[in-house]
Amino acid sequence: MPLFFETATLAVEFMTNVWGGDMAIADSDRWPVTGRQLQLVVCLLLTAFTLAVFWQVQFHDFILYDDPLYVTRNPHVQSGLTSGGLIWALTTFDVSNWHPLTWLSLMLDYHFFRLNPAGYHWTNLIIHIANTILLFTVFRRMTEDIWKSAIVAALFAIHPLHVESVAWISERKDVLSAFFWFLTMGAYIRYTERPGTGNYLMLIAAFVSGLMAKPMLVTLPFVLLLLDVWPLRRLAFPCIPSEKTVSVGVEGKVISWFHAIREKLPLFFLAFLSSVITYLAQMSWKSVGSLEMFSLNIRIANALISYVHYIVKMFWPANLAFFYPYIVWWPTWIVAGAALLLAGLTYPILKHMGTRPYLTVGWLWYLGTLIPVIGVVQVGSQAMADRYTYIPLIGLFMMIAWGVPELFGNWRFRKIYLSVLSGVVLTVLALSSWQQVQYWRNSVTLFEYALSVTSKNYLTHNNLGVALFLEGRTEEAVRHYNAAMQIKPDYQDAHYNIGMTLAAQGKYEEAIHRYREALRIAPDNANTHNNIGVALAAQGKYDEAICYYSEALRIRSDHENARANLAAAMVRREGQRKAIEGKTDARRPTSRGVTGEWGRD
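Going by my numbering, 329 is the number at position 12 of the sequence shown; the sequence numbering is gapless.
What follows is the structure in structure tokens.
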């Protein structure tokens, strides 16, 4: 904590001398630096500020939500960097996505850190710091404004909505894909300054790498078009005269929309290809919600409200949770209010696109980059997620960094007021993030906090039950499983986990009843079939157990536990038959069950 306050004090002191542009800094006795030295100072401050907020993640544990799928129970990741692992990473649709670079980065972490979560957390944090510095560098190069670029980067680095992407090991794909997003922007700037095959191939390579980390980059070609308008000034908005202020573009001239789109056609094609692959991956894991489950009207209502909620949480980042339950019905007046608010913001922003293009670019950045995750194509059961704002909020940060100074015009105390305001806002956000990071310490603290700030959160009740069960707090676990089923009676995971709890207590008949209820909801769950077999085998009912093990293998041929249990049950059945014939003693089997999968992204 002292490190945080020392860093915050230094940052505020720096901002007081900085606001007003580079010349103000150059003339300052306190900060006698210019050019690259100044950029280095900013980068060091951004690094220190980010470390002060997030350093505590090194003491955090894995989380019982997706981390088992990505690391702690993933045999492919735990095999390390091998040729087989590389082939698997390039070909698997595991966890509803195709993101081979993310898998390879986790394999590399396992090679060095095994199952020590500190190493994985440090990797996420280092990538986030690199993203912050890249974001600052890219914006400074595009706009030639160090101060405003630093504000955008600082907001990105410490905003509480970004804690989830950094503090959650499974969100490696978020920070890693953003790293290549910013590299792609940097490569594009280089290409606009010096068009050529080599620079364009660098642009393609960075973009493809980003898509291989997370398909969130599918909107990046559209963002590059926006950057052509501002701040690169290669394009003018339709019907708006161009005022070229930066000498970039083909042969130093403003280019046409036809040329701008044509040069990005390979990027659009790659984005389309990535979208198709992602859709197939999500369909293979049955992650895409059907129209019967989420009607189009419900999805549109949720999208409109989520757009507004993200803006509200940007300004007032309270009650943040790792999972927000989907609300299938909103009052008409709330949906209409969200639509009117978005329209009311969009109209004046577009009206001033000629005089204040940064507002239009920032607003369209925000709206556009959220489209893949706004829920029109519903993936998973969450209504929204803080991690989805990692890239989109940059658009709103741009609007703030360039728009707020204009509100003060040429007021004589403008520099002092803006410096103090910036320092206060960043300090408050940093303190909020520092507190938010603490909730990610372990599964119990995270899930308990989520329950305290949300309602009807069946998934969190279930996951907290699992975490408590693994700590030996069985009665508390059962209470949370029951709470989950009260909210969502057809919640298969809660039935399954109560079955596991009962089986662990030796209550096999009750466990089988719960498992069969889970099968009624999800008949193709191989784990449930396997665990019914385990409970039956524990009672000596080998013939029935063999049927369930066989069904588990029919559903999932690579289910190693079911295969081992089937072999053991067949041996024990033969022993039982011989014992009945008086030839030998039957002994109770030792079977292995599996613990289930507790949610996925």
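Ideal Cβ positions, reconstructed from N, Cα and C, are used throughout, including at glycine.
All figures in this text were calculated on a predicted structure; none of them were measured in a lab.
query, result
"Report the residue from 718, 507, 690 whose alpha carbon sits nearest the alpha carbon of residue 673.", "718"
"Return the residue from the list 784, 740, 884, 869 that minimises the CA-CA distance to residue 271.", "It is not possible to answer for residue 271, since the shown part of the chain is limited to 318 through 918."
"Roughly how many angstroms lie between the CA atoms of residue 499 and residue 604, to the nearest whole one?", "29 angstroms"
"Using DSSP's beta-bridge definition, name the partner residues of residue 642.", "699"
"Can you tell which of 884, 700, 847, 862 has its C-alpha closest to the C-alpha of residue 873?", "847"
"When DSSP labels each residue in this structure, what does residue 693 get in the three-state scheme?", "coil"
"Between which two residues does the alpha helix (DSSP H) harbouring residue 893 extend?", "877-897"
"If I measure Cβ to Cβ from residue 472 and keep anything under 6 angstroms in the same chain, skipping five residues before and after, which residues do I get?", "714"
"I believe residue 708 touches residue 495 by the beta-carbon criterion, under 8 angstroms. Please report the beta-carbon distance rounded to the nearest angstrom.", "6 angstroms"
"Residue 439 and residue 375 look like a contact to me (Cβ under 8 angstroms); what is the Cβ gap, rounded to whole Å?", "6 angstroms"
"If we count the other Cβ atoms within 10 Å of its Cβ and call it buried at 16 or more, is residue 450 buried or exposed?", "buried"
"In three-state DSSP terms, what is residue 571?", "coil"
"Can you name, in chain order, every residue of its own chain whose Cβ lies under 6 angstroms from the Cβ of residue 508, other than the five neighbours on each side?", "516, 517, 520"
"Just the Cα atoms here: how many angstroms apart are residue 677 and residue 666?", "6 angstroms"
"Tell me which residues share the same chain as residue 811 and place their Cβ nearer than 6 angstroms to its Cβ, disregarding the 5 neighbours each side in the sequence.", "779, 798, 801, 802"
"If distances are taken between C-alpha atoms only, which option among 623, 523, 893 comes closest to residue 501?", "523"
"Could you check whether the Cβ of residue 686 sits closer than 7 angstroms to any heavy atom belonging to the ligand ADP?", "For the ligand ADP, the structure offers nothing, since it holds no ligand at all."
"Taking just the CA atoms, how far does residue 531 sit from residue 855?", "44 angstroms"
"For residue 862 versus residue 853, is the C-beta distance shorter than 8 angstroms?", "yes"
"Using C-beta distances below 6 angstroms, list every residue in its chain close to residue 406, excluding the 5 sequence neighbours before and after it, in chain order.", "417, 420, 421"
"Indicate whether residue 920 and residue 453 have their beta-carbon atoms separated by less than 8 angstroms.", "This structure gives no information on residue 920, because the portion of the chain shown stretches from 318 to 918."
"What do you get for residue 806, buried or exposed, if any count of 16 or more other CB atoms within 10 angstroms of its CB means buried?", "exposed"
"Who are residue 605's beta bridge partners in DSSP?", "696"
"Among the residues of its own chain, which have a CB less than 7 angstroms from the CB of residue 384, if the five just before and after it don't count?", "486, 487"
"Hey, residue 662 and residue 587: beta-carbon distance below 8 angstroms or not?", "no"
"Please report the straight-line C-alpha distance between residue 651 and residue 824, rounded to a whole angstrom.", "48 angstroms"
"What do you reckon, are the CB atoms on residue 403 and residue 444 nearer than 8 angstroms?", "no"
"Taking the alpha carbon of residue 698 as the point to measure from, which residue in 754, 686, 775 has its own alpha carbon closest?", "775"
"Is it buried or exposed, residue 787, if we count other Cβ atoms within 10 angstroms and call 16 or more buried?", "exposed"
"Starting from residue 669, follow the alpha helix (DSSP H) in both directions and report where the run begins and ends.", "Element bounds for residue 669: n/a, residue is neither H nor E."
"Where residue 497 and residue 886 are concerned, what is the direct C-alpha to C-alpha distance, given to the nearest angstrom?", "51 angstroms"
"Look at the alpha carbon of residue 619 and the alpha carbon of residue 353, and state the distance between them as a whole number of angstroms.", "46 angstroms"
"Take residue 611 as the anchor and find which of 647, 722, 594, 437 has the nearest alpha-carbon.", "647"
"Does DSSP put residue 519 in a helix, a strand or coil?", "helix"
"At a cut of 8 angstroms, does the stretch 386-393 reach the stretch 420-435 through at least three beta carbon pairs?", "yes"
"Please report the residue range of the alpha helix (DSSP H) in which residue 792 lies.", "791-804"
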